[in-house]
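>
In this note's numbering, the protein residues as written are 7 to 195.
#1: With a threshold of 8 Å between beta carbons, is residue 76 in contact with chain C?
#2: Quick one: using the 10 Å Cβ neighbour count with 16 as the cut-off for buried, is residue 10 buried or exposed?
#3: By Cβ distance below 8 Å, which residues in the same chain neighbour residue 141 in space, the five residues on each side in sequence not counted?
#4: Does residue 27 come out as helix, strand or coil in the three-state DSSP assignment?
#5: Is the number of C-beta pairs between the region 37–53 and the region 87–100 that are closer than 8 Å three or more?
#6: Give the DSSP bridge partners of residue 134, in chain order.
#7: Does the distance from the C-beta atom of residue 37 to that of residue 92 stay below 8 Å?
#8: Please report how far the alpha carbon of residue 72 lies from the alpha carbon of residue 33, in whole angstroms.
#9: I need the DSSP call for residue 19, collapsed to helix, strand or coil.
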């Protein structure tokens, strides 16, 4: 049985809470609530991450209420305030890091392409043909053919013979329009 992130988050929150209640109020155990915060960072739902941070804050306050007094109240309260600040600062920084990571992934998925010749610029700034780039950066091997529109445009005399011999290769919405034009005696445009 696999341990789900939810079980890890709930388990770590429970362990920190129990240890916090068992130790005197002056011990800064609530700082360990950063652990479930970091575990919850990669959950997809933002509301869940906020709920975990709010739950850790509530458990920090609950631990103060039920812990044995061991130090002056101002020390215990200042430790709790620092723990709550650490919880929320960790949560915000982790979420910002996650957001930045997502933005970098989006930017890495963009390919700079020349608007004129359609060459692609690689990470080192070199320009290469689309075919060469795809074969080098993916596991794709390319073959070449010619689409019905280009066949009609560049080989207008040859198109009707090829379309008749290989109708399955030349069927698309635009090729049907071209076929209709040829049937009605209209030449290529």
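Idealized CB from N, CA, C, for every residue including glycine. Computed from a prediction, not measured in an experiment: that's the story for all the values here.
Based on what the coordinates show:
#1: In the structure shown, chain C does not exist; there is a single protein chain.
#2: Counting other Cβ atoms within 10 Å of its Cβ, residue 10 stays below 16 and is therefore classed as exposed.
#3: Close CB contacts of residue 141 within its chain, under the 8 Å cut and outside five residues either way in sequence, are with 147 and 148 (chain order).
#4: In this structure, residue 27 counts as helix in the three-state DSSP scheme.
#5: The answer is yes - the region 87–100 touches the region 37–53, with three or more Cβ pairs under 8 Å.
#6: DSSP output for residue 134 lists 126 as bridge partner(s).
#7: Against a cut-off of 8 Å, the Cβ pair of residue 92 and residue 37 comes out as a contact.
#8: Distance between the alpha carbons of residue 72 and residue 33: 13 Å.
#9: In the structure shown, residue 19 sits in a helix (DSSP, three-state: H, G or I).
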